[in-house]
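These notes are about the structure you will find just below.
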Amino acid sequence: MERLSRWLALPPLAYLCALFGLPLLLMVLASFQWPGEFGGLEPALDRSEDGYRLNLTLESYHRLGEDGLYLGLLLKSFLYALVTALLCLLLGYPLAQLIARSPSRWRGWLLLLVVLPFWSNFLIRIYAWMILLSPEGLLLGVLNALLAWFGLGPVQLLYTPAAVILCMVYVHLPFMVLPLYVNLERQDPALLEAARDLGASRWQCFWRVTWPLSLPGVYAGTALVFIPAFGMFAIPDLVGGTEGIMIGNVIRTQFLEARDWPFGSALAIVMTLVILVLAWLAAWLARGKADYG
Amino acid sequence: MLELRGVSHRYGNVLAVDQVSLTVASGEFFTLLGPSGCGKTTLLRLIAGFEQPSEGRILLDGKDLAGVPPERRPVHTVFQSYALFPHLTVAENIAFPLRMARLPAARSKERVREQLAAVRLEGLAERYPAALSGGQRQRVALARALANRPRILLLDEPLAALDLKLREQLQLELIRLQRSLGITFIYVTHDQGEALALSHRVGVMCGGRLVQVDRPAELYARPRNRFVANFIGRCNLLEARVSGRVNGHLVLGIPGLPPVSVPAEGNLEVGELGVLALRPEHIRLQPARAGEQELSGLIQGHLFLGATSLYQVELVNGMRLDVQVAGGHGEVVLEPGTPVRLSWPLQAGRFLRE
């Protein structure tokens, strides 16, 4: 059995090595290479008369460090991702709680509703939001009519940072709800009765029992939302306008339009490192809390 | 003093608690005894405040508890599953009710130390519940529920999950704690041995009703009906009918057997149907002496129980009786088929109405 499972793990391991590990290494290498004259990369090894010579540089990282624009964008993307994760937590927690506490015959259906948006394509859903958010759209039409009633000017949502956050929260909410639900559903309801019996109000029950016990779910959900949100480029591309661009957009531009692969690689690697540090921090915070008896 | 006046509770169409009236004195160890599904846990939840009675009133020292939420009642519970907070250490668990009551930190610390000493867990203050044995968890649950000195402690089958040795040891500790603190204990169990051993008084429940409330010895000696007789200890029950009164005794007719006399109690009339209740330990396998009752039969089987032995005897009409004899070891065992005479003092038999 032990040996069989080891053999069965081989294909996915090989798959990940070939299609994730190797490209990642290539990207690390690319970030130290010179850009090619017409895009692409200069070779990492130069061939001259006296043999081979390494042709690497720290130029991309220098540029990244010196130009405040990129660090600023990194910080801004971090903040967008953080706000997205917090809003998802704020919206997702009561929802997960509601599903976990509902009669068991309903839970499956409610969970189905949570994942239902996955049945249609991500880009199509964002296009739908573009229509909703456009000045002629229903949502904004109603909103502006209401505002006009109070004597306030019309607002614009499409092509603003607010639209980026709105769409990112919408897209990532299920990734927050699912791990929270799994955690909350497993919590022993007798613990809440015990807390109330011992003098805790409903509010104290939540903060002293439910919330600390749900922290593993909170960490998992936050990571699942924060990480993809940090590197997001499709949503800012479609609804963000010039104000709403994120680091993901710049990386994409470096590869596809500026054709400066080394710089794009350097940006991607710095972003990955930031995420790794945060993930390590979260794991450190959650240490020992994963499984209470 | 806790007073229940005509308390009923309905879950949908099911009447879980049916017209229960009861008074529990301060400092009393009171046990609710009954088979599972008899409503005893529901009654406990009504007192704790997790459920509201559909009818009737619950009063604590004359004050109606209706509408008072569980957190405002001076009533704490030891849950069957213990319900210890897994993210808090033993000391933090015990301090929980003290924090909720906003006890100053210094006094809270002192009280936690006292509680740990009272249940003999001094060395385990910083452990998490997952790292404790079943018996230790039980003690933490007890220490936590008593930390804030409730007026009443409710215990819902607190020893059910433990093995026999540990259970007996914890029973003694429960008695010691209860007597030393003087807190009213209301204890729920389906184990009659536990109920008799621990309590000042026992209330036997059946089908949501409180069928008899008495001191343990009374309950054992004078069960009021067939259910109580059968539930408390081992008891032989033979279908019988009152056929007359002689010398202030009742004479019972049992089909196929000679008449049997029992002490007359209450206002029983001739012709009434019921059962003759006889404890196995009151029957001897010897001919009757003066003033004793006698039947005869054949040995059917023998169970060696250690300190005692149990014989099953078939009477001439086909009914069976259990007879418990002392000194199971070293005695000559009567083989199946041996004819025997059974006798018991007249006072040992009781007639119970259906």
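Each protein sequence line maps, in turn, to chains A and B. Under our numbering, the first residue of the first sequence is numbered 4, with each subsequent residue one higher. Under our numbering, the first residue of the second sequence is numbered 1122, with each subsequent residue one higher. For glycine and all other residues, C-beta sits at the position ideal for the given N, C-alpha and C. These numbers come from a predicted model, not from an experiment.
**Q.** Residue environment, R1197 of chain B, which counts as buried when at least 16 other CB atoms sit within 10 Å
**A.** Looking up residue 1197 of chain B in the second sequence gives position 76. As written in the sequence, residue 1197 of chain B is His, which differs from the Arg given in the question. Around the C-beta of H1197 of chain B, 16 or more other C-beta atoms lie within 10 Å, and the residue is accordingly described as buried.
Q.
Please tell me whether T1310 of chain B and V1145 of chain B are closer than 9 Å, where the distance is taken between their beta carbons.
A. Counted from its first residue, the second sequence places residue 1310 of chain B at position 189. Counted from its first residue, the second sequence places residue 1145 of chain B at position 24. Contact: no.
(Q) Against chain A, which members of the region 1192–1203 of chain B pass a CB distance test of less than 7 Å? (A) Of all residues in the region 1192–1203 of chain B, the ones placed with a Cβ closer than 7 Å to any Cβ belonging to chain A are E1192, H1197, T1198, F1200 and S1202, in chain order.
Q: Might you give, ordered along the chain, the residues of its own chain that have their beta carbon closer than 6 Å to the beta carbon of E1176 of chain B, omitting 5 neighbours on each side?
A: Here the question's residue 1176 of chain B lines up with position 55 in the second sequence. Excluding positions up to five away in sequence, the list reads S1129.
Q. In three-state terms, what does DSSP make of S1301 of chain B?
A. The residue given as residue 1301 of chain B occupies position 180 in the second sequence. Helix, per DSSP.
Q. For F1206 of chain B and chain A, any beta-carbon pair shorter than 9 Å?
A. The sequence position of residue 1206 of chain B within the second sequence is 85, counting from 1. The beta-carbon of F1206 of chain B is placed less than 9 Å from the nearest beta-carbon of chain A.
Q. Do I129 of chain A and V86 of chain A have their CB atoms nearer than 9 Å?
A. The count along the first sequence starts at 1 and reaches residue 129 of chain A at position 126. The count along the first sequence starts at 1 and reaches residue 86 of chain A at position 83. Contact flag unset, no.
Q) Which ranges would you report for the alpha helix (DSSP H) in the region 194–244 of chain A if only whole runs of at least 4 residues count? A) Contiguous alpha helix (DSSP H) elements confined to the region 194–244 of chain A occur at 205–208 and 214–233, taking only those with 4 or more residues.
Q. Terminal residues of the continuous beta strand (DSSP E) containing P123 of chain A?
A. Against the first sequence, residue 123 of chain A aligns to sequence position 120. Inspection of the sequence shows that residue 123 of chain A is occupied by Ser rather than by Pro. Neither: S123 of chain A is in no beta strand (DSSP E) and is coded neither H nor E.
Q) Is the beta carbon of A1226 of chain B sitting closer than 9 Å to the one on L1237 of chain B? A) Numbered from its first residue, the second sequence carries residue 1226 of chain B at position 105. Numbered from its first residue, the second sequence carries residue 1237 of chain B at position 116. Not closer than 9 Å, so no.
Q) What did DSSP end up calling N1388 of chain B once you bin it into helix, strand or coil? A) Position 267 of the second sequence, counting from 1, holds the residue named residue 1388 of chain B. In this structure, N1388 of chain B counts as coil in the three-state DSSP scheme.
Q. Can you tell me whether W210 of chain A is buried or exposed, with buried defined as 16 or more other CB within 10 angstroms of its CB?
A. Here the question's residue 210 of chain A lines up with position 207 in the first sequence. Burial check for W210 of chain A: the Cβ neighbour count within 10 Å stays below 16, so the residue is exposed.
Q: Use the C-beta contact count for D53 of chain A: other C-beta atoms within 10 angstroms, 16 or more gives buried, fewer gives exposed.
A: Against the first sequence, residue 53 of chain A aligns to sequence position 50. It counts as exposed.
Q) Cα separation between R108 of chain A and I168 of chain A? A) Numbered from its first residue, the first sequence carries residue 108 of chain A at position 105. Numbered from its first residue, the first sequence carries residue 168 of chain A at position 165. Between R108 of chain A and I168 of chain A, the alpha-carbon positions lie close to 34 Å from each other.
**Q.** Coil, strand or helix - S1417 of chain B by DSSP
**A.** Reading the second sequence from its first residue, position 296 is the one you call residue 1417 of chain B. Collapsing the DSSP output to three states places S1417 of chain B in a strand.
Q. For I1215 of chain B, does the three-state DSSP call read helix, strand or coil?
A. One-based indexing of the second sequence puts residue 1215 of chain B at position 94. In the structure shown, I1215 of chain B adopts helical secondary structure according to DSSP, grouped into three states.
Q: Measure the C-alpha to C-alpha separation of T1162 of chain B and G140 of chain A and round it to an integer number of angstroms.
A: Locating residue 1162 of chain B in the second sequence gives position 41, where the first residue counts as 1. Locating residue 140 of chain A in the first sequence gives position 137, where the first residue counts as 1. The alpha-carbon atoms of T1162 of chain B and G140 of chain A are separated by roughly 58 Å.
**Q.** Whether V1461 of chain B touches L1419 of chain B by CB criterion (9 Å)
**A.** Along the second sequence, read from residue 1 onward, the residue named residue 1461 of chain B stands at position 340. Along the second sequence, read from residue 1 onward, the residue named residue 1419 of chain B stands at position 298. Yes, the Cβ-Cβ distance between V1461 of chain B and L1419 of chain B is below 9 Å.
Q. What does V212 of chain A touch in chain B if you count any residue whose Cβ is under 7 Å from its own?
A. Within the first sequence, residue 212 of chain A is the residue found at index 209, counting from 1. For V212 of chain A, the neighbours in chain B by C-beta distance under 7 Å run, in chain order, F1206.
Q: Can you check the region 1350–1415 of chain B for any beta strand (DSSP E) of at least 3 residues that lies completely inside it and give the ranges in chain order?
A: DSSP runs (the beta strand (DSSP E)) wholly in the region 1350–1415 of chain B: 1357–1367, 1370–1374, 1381–1384 and 1394–1399.
Q. Should R1225 of chain B be flagged as near chain A, meaning a C-beta pair shorter than 9 Å?
A. The count along the second sequence starts at 1 and reaches residue 1225 of chain B at position 104. In the sequence as presented, Arg is not what sits at residue 1225 of chain B; that position holds Pro. No, because no Cβ of chain A sits closer than 9 Å to the Cβ of P1225 of chain B.
Q: Might you give, ordered along the chain, the residues of its own chain that have their beta carbon closer than 6 Å to the beta carbon of Q257 of chain A, omitting 5 neighbours on each side?
A: Counting from 1 along the first sequence, the entry for residue 257 of chain A is found at position 254. Counting only Cβ-Cβ distances below 6 Å, and skipping sequence neighbours, we find D263, F266 and G267.
Q) Residues of chain A with a CB under 7 Å from the CB of F1171 of chain B: which are they? A) Taking the second sequence and counting its residues from 1, the one referred to as residue 1171 of chain B is at position 50. The contact set of F1171 of chain B on chain A, defined by CB atoms closer than 7 Å, consists of E196 in chain order.
Q.
Excluding the 5 residues flanking H1403 of chain B on each side, which residues of the same chain have their C-beta closer than 6 Å to its C-beta?
A. The count along the second sequence starts at 1 and reaches residue 1403 of chain B at position 282. Excluding its 5 nearest sequence neighbours in each direction, H1403 of chain B has C-beta neighbours in its own chain below 6 Å: W1465 and A1469, listed in chain order.
Q. In chain order, what residues of the region 1295–1313 of chain B put their CB closer than 7 Å to some CB of chain A?
A. Within the region 1295–1313 of chain B, no residue qualifies.
Q. Does the beta carbon of G296 of chain A sit closer than 9 Å to a beta carbon anywhere in chain B?
A. Position 293 of the first sequence, counted from the start, is the residue given in the question as residue 296 of chain A. Interpretation of G296 of chain A is limited by its pLDDT of 40, a score under 50 that renders its predicted location unreliable; the figure taken from the coordinates is listed afterwards. For G296 of chain A, the closest Cβ of chain B is nearer than 9 Å.
Q) What is the DSSP secondary structure of I1168 of chain B, counted as helix, strand or coil? A) In the second sequence, the residue the question calls residue 1168 of chain B occupies position 47. When secondary structure is reduced to three states using DSSP, I1168 of chain B falls in the helix class.
Q: For the region 1215–1247 of chain B, enumerate the residues whose C-beta is nearer than 7 Å to any C-beta of chain A, in chain order.
A: If the cut-off is 7 Å between Cβ atoms, the region 1215–1247 of chain B has F1217, P1218, M1221 and A1222 near chain A.
Q. Should E1456 of chain B go down as buried or exposed, given a rule of 16 or more other Cβ atoms within 10 Å for buried?
A. Position 335 of the second sequence, counted from the start, is the residue given in the question as residue 1456 of chain B. Around the beta-carbon of E1456 of chain B, fewer than 16 other beta-carbon atoms lie within 10 Å, marking it exposed.
Q: Look at the Cβ atom of R1258 of chain B, then the Cβ atom of I1215 of chain B, and state whether they are nearer than 9 Å.
A: Taking the first residue of the second sequence as 1, we reach residue 1258 of chain B at position 137. Taking the first residue of the second sequence as 1, we reach residue 1215 of chain B at position 94. Note that the C-beta distance between R1258 of chain B and I1215 of chain B is not below 9 Å.
Q.
Could you pull the DSSP bridge partners for H1130 of chain B from this structure?
A. Here the question's residue 1130 of chain B lines up with position 9 in the second sequence. BP columns for H1130 of chain B point to B:V1138.
Q.
For chain B, check one thing: does any of its Cβ atoms lie closer than 9 Å to the Cβ of L216 of chain A?
A. Sequence index remark: in the first sequence, residue 216 of chain A carries index 213 (1-based). Taking Cβ atoms only, chain B reaches closer than 9 Å to L216 of chain A, which makes this a yes.
Q) Between B:E1390, B:S1417 and B:L1373, which lies nearest to V1396 of chain B when the distance is taken from Cα to Cα? A) Numbered from 1 along the second sequence, position 275 holds the residue referred to as residue 1396 of chain B. Per the Cα distances, B:L1373.
(Q) With a threshold of 9 Å between beta-carbons, can R1272 of chain B be considered close to chain A, or not? (A) Within the second sequence, the letter at position 151 stands for residue 1272 of chain B. Closer than 9 Å: no.
Q.
Quick check on H1311 of chain B: does DSSP put it in helix, strand or coil?
A. Within the second sequence, numbered from 1, the residue matching residue 1311 of chain B stands at position 190. It is coil, neither helix nor strand.
Q.
Please report whether the beta-carbon of L201 of chain A lies at a distance below 9 Å from any beta-carbon of chain B.
A. The residue given as residue 201 of chain A occupies position 198 in the first sequence. It does: the Cβ of L201 of chain A has a partner Cβ on chain B nearer than 9 Å.
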